[in-house]
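Colleague: Numbering (this note's numbering), first residue to last: 2 to 379.
Below you'll find the structure I mean.
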Amino acid sequence: MPGSFFEYSQEELYAEADAFIRDCYAELGRESEIEDRLDEIADAIEQRGHYDHTSFELEHGAKMAWRNSNRCIGRLFWHHLNVADARDCETAREVHEACCTHLERARNGGDIKPLLTVFKPIIKGEQQVRLWNYELLRYAGYQTEDGIVGDPDEIELTAYCQSRGWEGEGTRFDILPHIVQIQDQEPELFEVPESAIGEVRLRHPEYEWLEDLGLRWYDVPVVSNMRLEIGGLHYPAAPFNGWYVSTEIGARNLADQDRYDMLPVVAEKLGLDTRNDRSLWKDEALLVLNRAVLRSFDEDDVQIVDHHTVTDQFKQFERNEAEAGRDVTGERSWLLPPMSSATTHVFENDYDNTIKKPNVFYQEAPAELSERRESLSR
2 MPGSFFEYSQ EELYAEADAF IRDCYAELGR ESEIEDRLDE IADAIEQRGH
52 YDHTSFELEH GAKMAWRNSN RCIGRLFWHH LNVADARDCE TAREVHEACC
102 THLERARNGG DIKPLLTVFK PIIKGEQQVR LWNYELLRYA GYQTEDGIVG
152 DPDEIELTAY CQSRGWEGEG TRFDILPHIV QIQDQEPELF EVPESAIGEV
202 RLRHPEYEWL EDLGLRWYDV PVVSNMRLEI GGLHYPAAPF NGWYVSTEIG
252 ARNLADQDRY DMLPVVAEKL GLDTRNDRSL WKDEALLVLN RAVLRSFDED
302 DVQIVDHHTV TDQFKQFERN EAEAGRDVTG ERSWLLPPMS SATTHVFEND
352 YDNTIKKPNV FYQEAPAELS ERRESLSR
């Protein structure tokens with residue numbers, strides 16, 4: 002059954018709930034309520050096999066999950082996370098509409114708001130809601146006779162959407178529809194309305210030709226394929242966002258060879274010698290592309306942070322956690338920015354990669370997407 006991999010026994014579920022409730026309530030100054038709440042949870046698990054989070058447990062649990070996310074460099078603002086409780090969504094359309102509302106709320110006129118929307122959890126091993134999308138906004142990747150048009154990272158999902166009757170315009174920047182699955186029903190596809198889409202067209206402060214490349218990127222990175230775990234309850238559909246670090250776009254999404262691979266194009270426009278890596282053409286092209294990302298977001302009044310500032314913010318997060326008596330965990334390879342990493346304090350530090358809960362976890366892609374990936378790789 003969907004989600005059965007994550008099913009705890011009743012004893013294990015209570016143990017997870019006990020650990021969470023004690024930590025959560027202590028942080029919120031509600032220690033006097035702990036034992037009564039644990040009695041309620043024990044009764045619920047005995048009678049129904051599961052329990053439900055209260056609104057404040059869900060909100061603070063989500064904040065703790067962000068704080069414990071070892072791969073995230075932006076954890077300084079964990080306590081500013083907003084949580085939208087969408088556990089009452091019953092239909093795929095209601096889920097899609099809640100996702101569109103999330104995009105509009107998170108965009109917030111360019112002043113990006115950290116937001117997490119929570120749908121129904123797994124109940125007795127059975128999945129209730131699943132979003133097939135990697136993010137709520139992502140560009141399609143079309144496999145053509147002449148190569149890939151768009152984002153190569155989305156070939157499988159694009160092919161699935163096409164098999165279901167969806168037809169994009171065939172450009173490099175077509176927004177994929179939302180794919181929503183309720184329980185074990187066939188997923189439903191929904192076009193993302195223009196009102197929920199925000200994009201930034203890239204230009205450079207010195208090189209006018211960069212705008213002619215027609216590059217753009219969406220403004221809010223809402224991750225939608227991860228599982229939120231709080232107190233033994235698993236939420237496989239819990240899209241969340243902060244704001245972009247510029248290198249995510251300029252040094253990865255647009256630069257990676259297996260993504261948009263724009264470094265050779267930018268280098269050619271700059272007149273650089275790309276025949277020899279000793280010319281450092283990749284480094285120069287990276288800098289130009291990342292300056293374009295920062296300038297464009299700034300001119301459009303869309304919040305973004307550069308990789309130097311965000312690592313300084315992470316240093317403050319480390320100080321804050323030390324003052325609170327909590328150890329900072331982290332996965333160093335993810336905390337290091339993909340350019341100029343040696344200029345940051347993270348480069349000189351080691352981090353304990355112990356997994357704490359609550360947290361967010363990767364989950365297996367839907368079986369049909371995995372099968373398509375295997376087929377396309379042959």
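By construction, the Cβ of each residue, glycine as well, lies at the ideal position given by its N, Cα and C atoms.
Since this is a predicted model, take the numbers as computed values, not measurements.
#1: Within 10 Å of its beta-carbon, does W282 have 16 or more other beta-carbons around it, so buried, or fewer, so exposed?
#2: Can you name, in chain order, every residue of its own chain whose Cβ lies under 6 Å from the Cβ of G251, other than the five neighbours on each side?
#3: With three or more beta-carbon pairs closer than 8 Å as the criterion, would you say the segment 202-211 touches the segment 108-118?
#4: Taking the alpha carbon of D301 as the point to measure from, which residue in N226, E195, Y236 and R204 has its own alpha carbon closest?
#5: Quick one: give me the first and last residue of the beta strand (DSSP E) that I231 is part of.
#6: Could you check if H179 is buried or exposed, using at least 16 other CB atoms within 10 Å of its CB as the buried criterion?
#7: To the nearest angstrom, report how far apart E95 and Q317 are at their CA atoms.
#8: Kindly list the residues whose CB is nearer than 8 Å to the CB of I22, restricted to its own chain and excluding five residues on each side of it in sequence; keep chain order.
#9: Apply the 10 Å Cβ neighbour rule to V319 and answer buried if 16 or more other Cβ atoms are within range, or exposed otherwise.
#10: How many angstroms separate the CA atom of Q314 from the CA atom of G75?
#11: Flag this pair as yes or no: are the beta carbons of L229 and A66 separated by less than 8 Å?
#12: Alpha carbon to alpha carbon, how far is R139 from E170? Give it in angstroms, no decimals.
#13: Mind reading off the beta-carbon distance from F241 to V224? Whole number of angstroms is fine, and I expect it under 8 Å.
#14: Give me, in chain order, the residues of the same chain whose beta-carbon lies closer than 8 Å to that of S5; leave out the 5 immediate sequence neighbours on both sides.
#15: Which value, in whole angstroms, describes the spacing of the CA atoms of L370 and E322?
#16: For Y135, collect the residues of the same chain with a Cβ closer than 8 Å to its Cβ; drop the 5 residues on either side in sequence, then sort them by chain order.
#17: Find out if the Cβ-Cβ distance for the pair E237, V361 is shorter than 8 Å.
#18: If I follow the unbroken alpha helix (DSSP H) through T159, where does it start and stop?
#19: Looking at T330 and N109, is the spacing between their C-beta atoms short of 8 Å?
#20: According to the neighbour-count rule (16 or more other Cβ atoms, all chains shown, within 10 Å of its Cβ), is Q48 buried or exposed?
#21: Report the residue from H80, E60, L77 and D112 whose alpha carbon sits nearest the alpha carbon of A87.
#22: Closest to T1 by C-alpha separation, out of A197, V347, G151 and F191, would be which residue?
#23: Could you have a look at A45 and say whether DSSP puts it in helix, strand or coil?
#24: So which of V246, K64, L132 and P194 has the shortest CA-CA distance to Q364?
#25: Assign A368 to buried or exposed, taking buried as 16 or more other Cβ atoms, counted over all protein chains shown, within 10 Å of its Cβ.
#26: Compute the Euclidean distance between the alpha carbons of R296 and S247, then round it to the nearest angstrom.
#27: Q144 by DSSP, collapsed to three states: which one?
#28: For W218, which beta-bridge partners are listed by DSSP?
#29: Count the other CB atoms within 10 Å of the CB of S341; is the residue buried (16 or more) or exposed (fewer)?
Modeller: Reading it off the structure:
#1: buried
#2: L290, N291 and V294
#3: no
#4: When the alpha-carbon of D301 is set against those of N226, E195, Y236 and R204, the nearest one is in R204.
#5: M227 to I231
#6: buried
#7: 39 Å
#8: I35, R38, L39, I42, E58 and G232
#9: According to the sequence as given, residue 319 is Glu; it is not Val. Counting Cβ neighbours within 10 Å, E319 comes out buried, since at least 16 surround it.
#10: 7 Å
#11: Yes, they are a contact pair.
#12: 14 Å
#13: At roughly 6 Å, the Cβ-Cβ gap stays under 8 Å, so F241 and V224 are in contact.
#14: Because the pLDDT of S5 is 40, which lies under 50, any placement of that residue in the model is unreliable, and the number read from its coordinates should be weighed accordingly. G126 and E127, listed in sequence order.
#15: Answer to the nearest angstrom: the Cα atoms are 39 Å apart.
#16: Counting only Cβ-Cβ distances below 8 Å, and skipping sequence neighbours, we find D154, E155, L158, V224, S225 and N226.
#17: It should be pointed out that residue 237 corresponds to Pro in this sequence rather than to Glu. No, they are not a contact pair.
#18: Counting along the chain, the alpha helix (DSSP H) containing T159 begins and ends at I156 to S164.
#19: No, these two residues do not count as a Cβ contact at 8 Å.
#20: exposed
#21: Nearest option by C-alpha distance: E60.
#22: Because the chain is modelled from 2 through 379, residue 1 falls outside the range shown and cannot be assessed.
#23: helix
#24: For the residues V246, K64, L132 and P194, the minimum Cα distance to Q364 belongs to L132.
#25: exposed
#26: 10 Å
#27: strand
#28: BP columns for W218 point to V201.
#29: Residue environment analysis places S341 among the buried positions, since at least 16 neighbouring C-beta atoms fall within 10 angstroms of its C-beta.
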